[in-house]
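Residue numbers (my numbering): 43 to 156.
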Amino acid sequence: MQQLCPEFSVCGQITVADVAVLARQGYRSIINNRPDGEGGPDQPTSVDLEAAAKAAGLAYVYFPVATMMVTPAQVTRYQALCADLLHPIAAFCAAGGRANVLFQAVGCRVGRPG
């Protein structure tokens, strides 16, 4: 997990078991930036991760980004999304790169703390 600011961290692919760990570490929301199926059949589905997040009391959002090239419209939507979620937020993709690019586009203006 790489903390980019006090309210936002990024990492590579998480598992269903990792969701409970994130909750114990104090995260309040998870953003999934990895498209379902990108990693093949071993990649957890967004549906499974969302169910684990709900069971752990975390907010969960599926915001898939297929490339490192994000559009202005995606940045605007991501900023609004981050503003609505409880903090701190953990965002992930395959290796953390796309989640990091989205954060850098939004900056630490990610919204309200938990």
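Note that CB positions come from ideal geometry on N, CA and C, so glycine has one too. Remember, it's a predicted structure, so these values are computed and weren't measured experimentally.
query	result
Touch test, the segment 121–136 against the segment 72–92, Cβ-Cβ under 8 Å, three pairs minimum	yes
Extent of the continuous alpha helix (DSSP H) run through Q121	P114 to D126
Inter-stretch contact (C-beta, 8 Å, three-pair minimum) for the segment 60–71 and the segment 80–97	yes
Exposure label - A122; buried when at least 16 CB within 10 Å	exposed
Member of R70, A108 and R66 whose CA lies at the smallest distance from the CA of H129	R70
Cut-off 7 Å between Cβ atoms - residues of its own chain near P155, not counting five sequence neighbours on either side	Reliability of the predicted coordinates at P155 is poor, the pLDDT of 47 falling under 50, and the value obtained from them is presented with this limitation in mind. Around P155: E49 and H129.
Burial state of P114 (16 or more Cβ within 10 Å)	exposed
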